[in-house]
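Contents: one structure, followed by commentary.
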Amino acid sequence: MDFGFRISGMAGDGVKGAGLVAAKLFSRLGYHVFVHVEYQSLIRGGHNAAIVRVSRKKVRCHEEKGDLLIALQDYVIPMHRVYVKHVLYDSSKFSLEEGYALPMSEFAKQAKAPPVFRNASALGALCYLYGIDVEVLNGIYRDAYGEKAEKDIVLAEMGYRYAEEHFEQIRKIGRVGEARALLDGNQAAGLGALRAGLRCYYAYPMTPSSSLLHFLAARKRELGITVVQPENEIAAAVMAIGSAFAGARVMVGTSGGGFALMQEAFSLAGMAEVPVLFLESQRGGPSTGLPTWHAQQDLRFVLHAGHGEFPRIVASPGDVEDTFYLAGDLLNLAWRYQTPAVLLMDRYLSESAATAEIDVEKVKEEPPLLYRGEAADYRRYLITDSGISPLAFPPEVVLKATGNEHDELGFTTDDAEVSATMYEKRMRKIGGIVEELKQRQAVRIFGEGEDVVFTWGSSTGATVEAAQKLGGIKVVQVRYLSPFPTWEIERLSIERAACVECNYTGQLASLLKEHACIEAELITRYDGRPFTASELVPKLREVFG
Amino acid sequence: MKLATQVKIVWCPGCGNFGILKAFKDAAAELAEVVDLRRMVLVSGVGCHGKIADYLALSSFHTIHGRVPAMLAGIKLANPELIAVGFAGDGDAYNEGLVHLIHAAKKNIDATLIVHDNAVYGLTTGQATATSARGFRGRSTPEGNPEEPLNPVALMLASGASFVARGYAGDASHLKEIIKEAILHRGFAFIDVLQPCVTFNNTWKLYREKVRKMKDTPESIDEAMKLARAEDEIRVGILYREERSTYEDEMRIEPRDADVNALLERMK
Ligand SMILES: Cc1ncc(C[n+]2csc(CCOP(=O)(O)OP(=O)(O)O)c2C)c(N)n1
Ligand code: SF4
Ligand SMILES: [Mg+2]
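Protein chains in written order, with our numbering: chain A, 1 to 545; chain B, 546 to 813.
Right under this line is the structure:
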């Protein structure tokens, strides 16, 4: 069983919140859900939508087609009407010739609640339409608002009863399993990093990374994490380097524009060998671009970020669980190899909520190489075979770090031999990282076949689903992008290849060509919208016949 | 604890930086009686001044141009037990990274910032900075600097720094006293040090004539502002100090093992 519905209105109507509560109705009954939100860069007016998909199977993307639209404004209806069979609307605000007329605003007035509370009556009606006990909804409100849930519950009941009297049920939904956790990619990134010992999070607000700043700030005491919004992105990156230098595990969150401002600091982390995890969630560019829409345009940017050469670890997760594990792994790897790492996310992954089964124990704080010798003998940049110099922190040792080229003690140098030796020491770490990635899952493979579709980031969801529909196609999600897992790619037996990604030039495709001489047929999209499986099916058929 | 390193000092003979280095060393040596110098962490910017990190056998981070205050904040947020002292240039602090300076003062991060204010970009061979005098003929302003100089002390008073001082590299013992007070101050302690650059902006004569030591710290911030802006003489000394909660007091959360399972349970 696979179905869906959507809620739409203007900014300020509480569309996203309502969508998440609606999704929880199903996840609490054991269904898998996926919630895709669309919104514009404005605070009031415009068009917002939450598109909810419900399934018995794991789902990693939304689908446009659904049962129902809950319309909170009349002007949004034409945008959604083609995708749904029914419309449930606020009949106190406008009237339609068709659909389920629910006097939502009138109910809110009767309950002496602010206008946005009308959503609770709509969700009450939704319960009835899907044959769900309204108590499930009330429970969600109670868990979220405690005592203050009273008005929501009153309205939910009003909506439910009204629907019972006036509407016909669409489906009858029963419990199919235990309640599932519902979270978005940003939250998963925060939690994964926390498991790996995250102590400080630095971020300047920028969509689509901001929701992680809010999530962690709201729970900082419970989680024992310092959360700071500094004066700008440069400060965020430099503060993070300062904190890591002093011994704390740190993460910095931003999007492409903010990451652009962090370049010099990124390079400093490479030179000074300071472990910092950067979360870069891509949105439509260039420049301010499509600030609230999806894109995968920054792969090349991140791979080449910062001036000069230094090891970096870059990985891009394909879904919420993957985000949790990769965030943890990257923070651990950054510390083991004392170099910057980037968790390359995208708007669709960051902001879409999905049910996820996370094995928290899989991520642990892995200790870095620590110095155990005499304090007086400490050499921060000791030349070693692995390129990794043991770490120690003040006040235990005198620790000298620098963005200039330096000797083993951390004093500035421009001696040719010392410079070359130190350069080689840093670059040797790449060899270790490659060996390490061979033990970790550098690519994820879905399905079997010699027709191979490559993809990365959140495009993985729709690609896997489309390939499964067609059959006989193997999907390869490239998780680690630097160092590039050539060993995994070369092992594949490939008849024909395609590459799915949300940019114009085919950035992953170009890497496949560069590293493994693979010519992949491009399937791209760059209109700010993510792929859905239904859209990809004909495109893959075109490539593979 | 020995403070000197093996590194050969490469400042021009007669450079004001020597006075700052001496004042800091003497201050640190005296402070060693009351604080553990192993807890001290220095951050230096990029410029002639930035080399000071190599000349001191204390923990240090020679960071990138302009970002000293941000790095000080990051260090203190991670470990408030450390004593953070920054060395910045005027180009560094008042041009490239001015935003960080103002916010460090506003936040009241618990750190000391010593600005080597030679009113010129030294290391890049003599261009005008934010504190260069109007008319200053640098290599990028051959017809004279058309801008009025910034008054950093007034700026810091207006930005909420809880300790504001002006020092003079030509009076190392007076500067030493200021530095000691600054390091012992809880909160953001700012010292603008008048530092002649013999090669690109030789202000020794000017300062010898105009610098006057203040006897006492002014009673009020208004009074401090007046003295900061006085043009007849250049007042050096501590212009302002105030006790206020620090940014780390407000923001730092004691680390603990987060119960991620419990949180996920609540996301059901
Ligand atoms: C981002 C960046 N821009 C420019 C430079 C080049 N640069 C090196 S030192 C310096 C000026 C230093 O002037 P100041 O901070 O006053 O220090 P001083 O040399 O006078 O002590 C500049 C612009 C740099 N290192 N980094
Ligand atoms: S150029 Fe100026 S500031 Fe730099 S070392 Fe020489 S005298 Fe000092
Ligand atoms: Mg200068």
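Glycine residues also receive a C-beta, built at the ideal position from the N, C-alpha and C atoms.
Query, Result
"Own chain, CB closer than 6 Å to A/D298, minus 5 neighbours either side, in chain order", "G256 and Q282"
"Boundaries of the beta strand (DSSP E) in which A/D329 is found, first to last residue", "A/D329 -> not in any beta strand (DSSP E); alpha helix (DSSP H) instead, spanning V320 to Y337."
"Pair within 8 Å by beta-carbon distance, B/I659 and B/F632", "yes"
"Contacts of A/K220 in chain C (Cβ-Cβ under 8 Å)", "Judged by its chain identifiers, the structure shown contains no chain C, and its protein chains are A and B."
"Length of the line joining the Cα atoms of A/Y526 and B/A703", "47 Å"
"Any non-hydrogen atom of ligand 3 closer than 7 Å to B/V613 Cβ", "no"
"Contact set for B/I647: own chain, Cβ-Cβ below 8 Å, skip 5 residues either direction", "L700 and S704"
"Cross-chain neighbours of A/V398 in chain B, by beta carbon under 8 Å", "R583, A602, L603 and S604"
"Partner residues on chain B for A/S92, Cβ-Cβ distance less than 9 Å", "None at all; the shortest Cβ gap to chain B is about 34 Å."
"Distance cut-off 7 Å: B/G667 Cβ against heavy atoms of ligand 2", "yes"
"Proximity test, B/F569 beta-carbon vs ligand 5 heavy atom, cut-off 7 Å", "What this structure holds is ligand 1, ligand 2 and ligand 3, not ligand 5."
"Nonlocal neighbours in the same chain, by C-beta distance under 6 Å from B/M628, ignoring five residues either side", "Reading off the sequence shown, one finds Ile at residue 628 of chain B, where the question assumed Met. So the list reads R584 and M585, once near-sequence residues are dropped."
"Contact belief for A/G46 with A/V116 at Cβ below 8 Å, rounded distance in angstroms", "Actually they do not touch by this definition, with Cβ atoms about 16 Å apart."
"Sequence-distant residues of its chain with Cβ nearer than 8 Å to B/A678 (five each side left out)", "A664, N690 and P694"
"Assigned exposure category for A/E178 - 16 Cβ within 10 Å defines buried", "exposed"
"Neighbourhood of ligand 2 [Cβ distance below 6 Å to any heavy atom], ordered by chain position", "B/W556, B/C557, B/C560, B/N562, B/C593, B/N663, B/G667, B/C742, B/V743, B/T744 and B/F745"
"A/V59 at chain B interface by Cβ criterion, 8 Å", "no"
"Any non-hydrogen atom of ligand 1 closer than 7 Å to A/D143 Cβ", "no"
"Touch test, the stretch 164-172 of chain A against the stretch 184-201 of chain A, Cβ-Cβ under 8 Å, three pairs minimum", "no"
"Contact the stretch 93-109 of chain A vs the stretch 120-136 of chain A: 3+ CB pairs below 8 Å", "yes"
"B/C593, DSSP secondary structure in three states", "helix"
"As assigned by DSSP and simplified to three states, the class of A/A520", "coil"
"Residues bridged to A/E280 (per DSSP)", "A/T254 and A/L344"
"Chain-order list of residues whose beta-carbon lies under 6 Å from that of A/A509 (same chain, five-residue window excluded)", "C499, A520 and L522"
"Three-state secondary structure assigned by DSSP to A/C499", "strand"
"Sufficient close CB pairs (3 or more, under 8 Å) joining the stretch 469-483 of chain A to the stretch 451-459 of chain A", "yes"
"Residue burial classification, A/F94 (beta-carbon count within 10 angstroms, cutoff 16)", "exposed"
"Neighbourhood of A/A218 by C-beta, 8 Å cutoff - its chain only, sequence neighbours within 5 removed", "none"
"Simplified DSSP state of B/P697, which is helix, strand or coil", "helix"
"Per-residue DSSP class, three states only, for A/F3", "strand"
"Extent of the continuous alpha helix (DSSP H) to which A/N186 belongs", "G185 to R195"
"Straight-line gap, A/T402 to A/G185 (C-alpha atoms, nearest Å)", "34 Å"
"Per DSSP, cross-strand counterpart(s) of A/Y504", "Note: A/Y504 sits in no beta bridge, so no partner."
"DSSP three-state assignment for A/A181, whether helix, strand or coil", "strand"
"Interface flag, A/I132 vs chain B, CB-CB below 8 Å", "no"
"Closer than 7 Å at the beta carbon, the chain B residues around A/N232", "V644"
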